[in-house]
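Numbering follows the working numbering, with no gaps: position 219 of the sequence shown is 213.
One structure is given here, and the rest of the page talks about it.
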Amino acid sequence: MENNCTISIMPETSKVDEPVTIKISGLLKNERVLIRALSNDYYCINTSIFDVGNKAEWESYAVFVADESGTIDLENAKPVEGTYKEADKMGLFYSMTVKENYKTKIPIRLSDIGENRDYTMTFQVERNGRVIASKTHKRIYCDEFISSVDVVEDKLLGRYFTSKENIPKPAIIVLSGSDGRLEKAQAIAGIFAMHGYSALAVCYFGLEGTNKSLSCVELECVENAIDWLKKQSTVAKNKIGIYGRSKGGEMVLLAASIFKDISCVIANTPSCYVYEGLKANKFPSKHSSWMYKRREIPYIKFSFSILIQTLVKMMIGNKEAMAWMYRKLIEDGNVYEAMIPVEKINGPILMASSLKDKIWPSKTHCEIIVELLRKAHFKHEYKHITYEKSGHMLTVPYQSIYPSNKYPDDIDGFAKANINCWNETINFINKWSRQKI
């Protein structure tokens, strides 16, 4: 009987931003089984390398009851119990958690950072604790038809992804969040390359050859990225966009307001203000996060009293302490000079935010941007999409979140929001790429 159980996964190999269909057949009528997903090479874009080593063991599971024909179709079957709750064929993907964490040395050189082009998941069916069927499945960030090259220039450290066809394509500069590093940025850049774009992931601090902390980061890293892209035969010179999330969202809005060669902006859970920078130990730096031509960009300072109140809230377990802090800074600070002049941006803008963002009030930030653009009679398209249940991590669909204290309240709602947000992002970029300038 055990040999009759089979696992079907279609397609057999998939891109990380595409869904798959999983069906289990050959079970007994109304049989109760456990389906487990495992991976020990999963690069999760919603996880910090400071929290999870690159050899961590990830796991998700769900218990199902087979139908009258002894079949379980994960698209329609609701788990009896498990790491996710609703019927969803991708539930085992986005609900993975770390089973065993093996911390590894954090690389400080660009050459030591792997590309994390793909990872493997193993799905197994268990009956009374025994594995009766097993199948592996590969998820791809970018495949062998995408070439990459490390870019080490003056005030520019990055990794460039493009298809091996030597033809000019719209290009996208990609910036990560407040870690400033390359790992997350290159994952998104690789996916953009799979969608037909050239993409340059840029590190703006945290690696050898860049700033040591998120303080006085020189915007020349973006300016030089633009200049480098314009020299490439695989880039359409008049089609350079920029994508950033969280602190990177703040940076892309600021950079695009200065550099007119940027003609499309994707700002994911961004800020509309420039905030004070942080030292390597995460304490306020007493300097701006950003500078250009050796001059600091005006910024909102961290108030000592507000910081103390925030620490107290965090110590008593208030999960929204960080968002409260930023709201208080906006209410109590001199925000006018720190406002990013988004009306100067030379192209369409897509903003994504969350109502329940526990890091900072991204929805409020985006609403302020929309109002500024409206009052300025902004001539390009601008769009703000917001989600109730996503939390701060609006990135690539079907990705998990770890550690658990970063989980949104509704993991299924989080998954749906990420699917929609990513589809909006790709559609927005596709529309921009077709527009004539």
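All C-beta atoms in this analysis are idealised placements derived from N, C-alpha and C, irrespective of residue type, glycine included.
Bridge partners for residue i per DSSP, in chain order?
| i | result |
| --- | --- |
| P278 | L272 |
| F199 | N205 |
| I182 | I182 is not bridged to any residue. |
| E418 | Looking at the DSSP assignment, E418 forms no beta bridge with any residue, so it has no partner. |
| M285 | E212, E290 |
| F408 | F408 is not bridged to any residue. |
| S142 | F155 |
| E382 | Looking at the DSSP assignment, E382 forms no beta bridge with any residue, so it has no partner. |
| D67 | K17 |
| N312 | In DSSP, N312 forms no bridge with anything. |
Taking the continuous alpha helix (DSSP H) assigned at residue i, which residues delimit it?
| i | result |
| --- | --- |
| E365 | 356 to 369 |
| M319 | 315 to 326 |
| F298 | 298 to 309 |
What did DSSP end up calling residue i once you bin it into helix, strand or coil?
| i | result |
| --- | --- |
| C215 | helix |
| S89 | coil |
| E94 | strand |
| E337 | helix |
| G466 | In the structure as shown, the chain begins at -5 and stops at 431. Residue 466 is therefore absent and cannot be evaluated. |
| M(-5) | Because the pLDDT of M(-5) is 44, which lies under 50, any placement of that residue in the model is unreliable, and the question is left without a value. |
| D221 | helix |
| G76 | strand |
| I166 | strand |
| R175 | coil |
| L344 | strand |
| S42 | coil |
| A230 | strand |
| D148 | coil |
| I423 | helix |
| K241 | helix |
| A332 | coil |
| I100 | coil |
| S265 | coil |
Give a yes or no on whether the minimum CB-CB distance between residue i and chain D is below 8 Å.
| i | result |
| --- | --- |
| L68 | Reference to chain D is not applicable here, since this structure consists of a single protein chain. |
How far does the beta strand (DSSP E) with residue i in it extend, from its first residue to its last?
| i | result |
| --- | --- |
| K254 | Taken as a continuous stretch (DSSP letters only), K254 belongs to no beta strand (DSSP E), as it is neither H nor E. |
| V125 | 124 to 134 |
| D112 | 112 to 121 |
| F58 | 51 to 59 |
| K373 | Neither: K373 is in no beta strand (DSSP E) and is coded neither H nor E. |
| S8 | 7 to 9 |
| M4 | 0 to 4 |
| L28 | 26 to 33 |
I'd like the list of long-range same chain contacts for residue i, defined as Cβ closer than 8 Å, with 5 residues on each side in sequence excluded.
| i | result |
| --- | --- |
| M434 | The structure shown does not extend to residue 434, since the chain is modelled only from -5 to 431, so the question has no answer here. |
| R428 | none |
| E75 | A56, V57 |
Who are the Cβ neighbours of residue i in its own chain at under 6 Å, not counting the five residues just before and after it?
| i | result |
| --- | --- |
| D144 | L104, R153 |
| A261 | G243, V246, L247, M345 |
| S54 | A31, T77, L86, S89, M90 |
| A409 | Y88 |
| R111 | Y135, C136 |
Given residue i, which residues of its chain have a CB within under 7 Å of its CB, disregarding the five upstream and five downstream residues?
| i | result |
| --- | --- |
| C215 | K149, L150, V196, Y198 |
| V329 | Y267, I294 |
| K352 | K313, E314, M316, A317, G385, H386 |
| H189 | I420 |
| S141 | T156, K158 |
| T263 | R239, S240, G243, A346, S347, S348, D351, S356, H386, L388 |
| P397 | D45 |
Inset, instruction - May I ask you to verify whether the stretch 224 to 240 touches the stretch 162 to 170, counting CB pairs closer than 8 Å and requiring at least 3? - result: yes
Legend entry - Cβ contact check for the stretch 271 to 282 and the stretch 362 to 376: 3 or more pairs under 8 Å: no
Inset, instruction - Kindly confirm or deny that the stretch 56 to 66 and the stretch 412 to 431 touch, where touching means at least three C-beta pairs closer than 8 Å. - result: Short answer: they don't touch.
Inset, instruction - Please confirm if the stretch 109 to 123 is in contact with the stretch 20 to 28, defined as three or more CB-CB distances below 8 Å between the two stretches. - result: With a cut-off of 8 Å, the stretch 20 to 28 and the stretch 109 to 123 count as touching, because enough Cβ pairs lie within range.
Inset, instruction - Could you say if the stretch 176 to 186 and the stretch 248 to 268 meet the contact criterion of at least three C-beta pairs nearer than 8 Å? - result: no
Inset, instruction - Check whether the stretch 369 to 380 touches the stretch 46 to 60, taking contact to mean three or more Cβ pairs, one atom from each stretch, closer than 8 Å. - result: no
Legend entry - Three-pair Cβ contact test at 8 Å for the stretch 319 to 328 versus the stretch 294 to 304: The stretch 319 to 328 makes contact with the stretch 294 to 304, as at least three CB pairs between them are under 8 Å.
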